[in-house]
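Participant: Can you read through this structure? Questions will come right after.
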Amino acid sequence: MMLLIGSLTIGLILSLLALGVYISFRVFSFADITTEGSLTLGAAVAAVLIVRGVNPLAATLAGGLAGMVAGSITGLLHTRCGVHALLSGILVMTALYSVNLRIMGRSNIPLMSVKTLPQQAGELGDALFGAGGPVLLWGWTVEREALAMLTGALLVAVLVALLLYLFFKTNLGSAMRATGDNAQMMRAQGIHTGNMLVLGLAIANGLVALAGALLAQFQGFADVQMGIGMLVWGLASVIIGQALVGPSRFGLAIIGAVMGAVLFRLLVAIALRWGLNPNDLKLMTALFVLAALVLPTVLRSLRQRKAVRHA
Amino acid sequence: MLNIKDISKTFNPGTPDEVQAIKHVSLTVPEGSFVVVIGTNGSGKSTLQQLIAGACVPDSGSIELAGQDITRWGEHRRAALIGRVFQNPFSGTAPTLSIIENMALAARRGQRRGLGWLLSGAVRRHLRERVAELGMGLEDRLDNAIGSLSGGQRQALTLLMAVLQRPSLLLLDEHTAALDPKASDQVIRLTRDMVAREKLTTVMVTHSMHQAAHLGDRLIMMVNGEIRQDLADERKRRVHVEDLLALFEQVRRADRLDASAAELLRSRYV
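As you go down the protein sequences, you meet chains F and B in turn.
Residue 255 in the numbering used here is what sits at position 255 of the first sequence, and the numbering runs on without skipping anything.
To convert, count from 1 in the second sequence and add 311; that's the numbering used here.
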């Protein structure tokens with residue numbers, strides 16, 4: 001049960017990553033590898049600030065803000081300097097590796113002995129429902145703190161998903177969706193589509209960095225390696241989400257991305273429990289995403305070939 | 312009023328692929344005038360449209376619209392003045408957004424987009440009325456994704472989107488070329504009605520001699536990046552499809568003459 005609650009909490013935290021990847025990959029069809037750097041960037045900024053005694057909430061938001069800056073740089077490299085989309089992300093990701101090391105001063109910052117958001121959530125839970133030992137939940141004993149963290153993560157995920165949903169219903173947010181859909185049309189409607197991409201990548205990487213900042217606090221350390229493979233992780237979540245809700249409009253797609261992130265994290269936890277070598281995890285994730293991207297086309301062509309043979 | 316002064320455009324200058332698409336073209340379209348542009352493939356009629364829309368920048372010359380020099384304006388900035396319908400019915404609308412969302416985006420063409428709601432009750436009611444005016448029954452499907460509609464329906468909506476906010480210039484780029492004859496007729500009828508009702512200044516490029524003969528109050532024929540014919544008012548009214556076909560035949564013969572003359576000279580002197 002503890003494993004389940006821990007997985008759910010991480011899944012919910014990483015749903016912010018999935019929402020970020022949803023914006024860059026699904027709305028703009030931009031495979032933004034900056035994600036891997038900005039996740040670490042968010043963790044690094046938040047961790048350093050928290051260690052220096054800054055309020056954890058402010059530190060977390062600062063981490064998100066740093067991610068927005070990183071995303072804008074990728075966007076500007078692509079739209080203003082004409083750098084190839086994928087390459088602009090690679091450049092920023094690579095640069096961020098050094099930047100993150102500079103920010104942290106070393107490759108790993110432990111957060112065990114300082115007060116972080118999850119601990120504050122735990123304290124808040126104690127204050128509201130009274131402190132005490134483990135509680136009984138449907139016959140399982142559960143640590144109060146874990147429960148408080150899960151609730152906190154759920155609130156954050158719901159809040160961010162709701163804000164994103166509302167944003168996509170505004171004039172600006174709708175123009176962003178339409179730009180990803182048909183840039184030529186939106187230029188004819190008076191939108192600077194380049195600026196729209198920059199803003200989209202800023203929001204996407206802001207969410208990713210927020211996920212990084214929360215993840216670092218939950219797991220108790222920020223590490224310069226923690227972003228590796230996270231773009232594919234986010235893609236996997238988005239793809240699972242899409243499988244869950246179908247090819248639908250953005251409202252359900254947002255819910256799908258959150259559910260996909262949680263489900264994917266649970267699948268990973270189960271696979272690890274069943275003896276999957278953790279070293280193979282990224283290989284498995286990559287193969288999963290590859291299969292999800294390629295299978296529909298393969299199936300379609302098989303079906304067509306069949307139809308031709310029957311004709 | 313649209314005022315084009317002596318614009319030229321050369322693609323790939325200084326390379327073997329150099330193409331002089333537009334050669335010193337000047338054109339004045341008075342307020343409320345409906346100009347139809349025809350021309351052979353590669354005559355520069357599409358390039359002229361792109362130069363007006365801002366999709367490419369002229370090498371020389373200037374473009375004025377509604378009293379402002381827009382020569383250096385980007386495509387998105389000109390959108391405040393220009394409503395456009397493209398040849399490809401898929402180009403003018405965002406497929407995964409609903410009909411009403413597409414309409415509402417177009418209703419704010421050229422304006423700042425902030426964090427206000429895209430769709431309010433009042434906007435919805437107003438747009439529903441406008442869509443109903445098309446007489447296609449689409450007002451009952453406002454929340455369907457626009458990608459689920461036929462090319463003709465999408466093109467009719469794109470046309471409506473271009474005029475929702477009255478444009479200083481309506482640019483139509485062979486906007487019925489990709490439609491079946493029935494849908495094409497319908498879109499042309501809508502075009503004529505809208506332009507007449509709102510007295511829109513319009514530049515329409517077309518492949519159809521029938522449309523060229525029956526629409527608009529002025530006809531321009533482009534050949535090799537230049538305006539070869541410019542028929543207005545009475546002369547335009549008298550034009551028949553046969554006259555236009557004869558004009559094209561003339562151009563074709565002249566081209567062949569050029570080519571065969573060059574061949575003759577080459578065989579003599581080279």
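All C-beta atoms in this analysis are idealised placements derived from N, C-alpha and C, irrespective of residue type, glycine included.
These figures come from a predicted structure and were not determined experimentally.
If we count Cβ pairs, one from each stretch, closer than 8 Å, do we get three or more for the region 198-218 of chain F versus the region 19-29 of chain F?
Facilitator: Yes, they touch.
Participant: Which residue spans inside the region 377-461 of chain B form an unbroken beta strand (DSSP E) run of at least 3?
Facilitator: 393-396
Participant: Applying the criterion that 16 or more other CB atoms from any shown protein chain within 10 Å of the CB defines a buried residue, is residue 457 of chain B buried or exposed?
Facilitator: buried
Participant: For residue 215 of chain F, report the span of its alpha helix (DSSP H) as first-last.
Facilitator: Element bounds for residue 215 of chain F: 193-219.
Participant: Just checking: is the beta-carbon of residue 174 of chain F within a distance shorter than 8 Å of some beta-carbon in chain C?
Facilitator: You won't find chain C in this structure, because its protein chains are F and B.
Participant: Determine, for residue 537 of chain B, whether the minimum Cβ-Cβ distance to residues of chain F falls below 8 Å.
Facilitator: no
Participant: Select from F:231, F:176, F:212 and F:51 the residue whose C-alpha is nearest the C-alpha of residue 224 of chain F.
Facilitator: F:212
Participant: Does residue 387 of chain B pass the burial test, meaning 16 or more other C-beta atoms within 10 Å, or should it be called exposed?
Facilitator: buried
Participant: Buried or exposed: which applies to residue 250 of chain F, given that a residue is buried once 16 or more other Cβ atoms fall within 10 Å of its Cβ?
Facilitator: Counting Cβ neighbours within 10 Å, residue 250 of chain F comes out buried, since at least 16 surround it.
Participant: If I measure Cβ to Cβ from residue 582 of chain B and keep anything under 8 Å in the same chain, skipping five residues before and after, which residues do I get?
Facilitator: Nothing can be reported for residue 582 of chain B: it is not among the residues displayed for chain B, which extend from 312 to 581.
Participant: Listing by chain order, which chain F residues have their CB less than 8 Å from the CB of residue 422 of chain B?
Facilitator: 190
Participant: Does the CB of residue 285 of chain F have a neighbour CB from chain B at under 8 Å?
Facilitator: no
Participant: Just to make sure I have the definition right: I need the residues of chain B whose C-beta is within less than 8 Å of the C-beta of residue 185 of chain F. Which are they?
Facilitator: 402, 403, 404 and 405
Participant: Quick check: what's the CA-CA separation for residue 365 of chain B versus residue 480 of chain B?
Facilitator: Rounded to the nearest angstrom, the two C-alpha atoms are 13 Å apart.
Participant: List the residues of chain F whose Cβ lies closer than 7 Å to the Cβ of residue 481 of chain B, in chain order.
Facilitator: Within 7 Å Cβ-Cβ: nothing; residue 481 of chain B doesn't reach chain F, min ~12 Å.
Participant: The beta strand (DSSP E) with residue 316 of chain B in it runs from where to where?
Facilitator: Under the DSSP assignment, residue 316 of chain B falls in the beta strand (DSSP E) whose first and last residues are 313-322.
Participant: Taking a Cβ distance cut-off of 9 Å, strictly less, list which residues of the region 363-392 of chain B are near chain F, in chain order.
Facilitator: 364, 365, 366, 385, 386, 387, 388, 389, 390 and 391
Participant: Starting from residue 395 of chain B, find everything on chain F with Cβ-Cβ shorter than 7 Å and list it in chain order.
Facilitator: 188
Participant: Determine the contact status of residue 42 of chain F and residue 63 of chain F, defining contact as a CB-CB distance below 8 Å.
Facilitator: yes
Participant: Please classify residue 129 of chain F: is it buried, with 16 or more other beta-carbons within 10 angstroms of its beta-carbon, or exposed?
Facilitator: exposed
Participant: Going by Cα to Cα distance, which pick from F:86, F:247 and F:297 is closest to residue 406 of chain B?
Facilitator: F:247
Participant: Rounded to the nearest angstrom, how far is the Cβ of residue 370 of chain B from that of residue 337 of chain B, given a contact under 8 Å?
Facilitator: By a beta-carbon distance limit of 8 Å, residue 370 of chain B does not contact residue 337 of chain B. Their separation comes to about 15 Å.
Participant: Report buried or exposed for residue 487 of chain B, applying the criterion of at least 16 other Cβ atoms within 10 angstroms of its Cβ.
Facilitator: With 16 or more Cβ atoms within 10 Å of its Cβ, residue 487 of chain B is classed as buried.
Participant: List the residues of chain B that residue 177 of chain F touches, going by C-beta distances under 9 Å, in chain order.
Facilitator: 405, 407, 408 and 412
Participant: Just reading off the beta strand (DSSP E) that residue 345 of chain B is part of, what are its end residues?
Facilitator: 345-350
Participant: Thinking residue 231 of chain F and residue 33 of chain F are a contact (beta carbons under 8 Å), I'd like their distance in whole angstroms, please.
Facilitator: Correct: roughly 5 Å between the Cβ atoms.
Participant: Does residue 282 of chain F get closer than 8 Å to chain B when you measure Cβ to Cβ?
Facilitator: no
Participant: Measure how close the beta-carbons of residue 147 of chain F and residue 158 of chain F come, nearest whole angstrom, since I'm counting them as under 8 Å.
Facilitator: No, residue 147 of chain F and residue 158 of chain F are not in contact; Cβ-Cβ is about 16 Å, not under 8 Å.
Participant: Short of 7 Å in beta carbon distance, which residues of its chain neighbour residue 110 of chain F, apart from the five on each side in sequence? Order them along the chain.
Facilitator: 220 and 221
Participant: Could you check whether the Cβ of residue 34 of chain F sits closer than 8 Å to any Cβ belonging to chain B?
Facilitator: no
Participant: Residue 419 of chain B versus chain F: which residues are under 9 Å apart at the beta carbon?
Facilitator: 171, 175, 189 and 190
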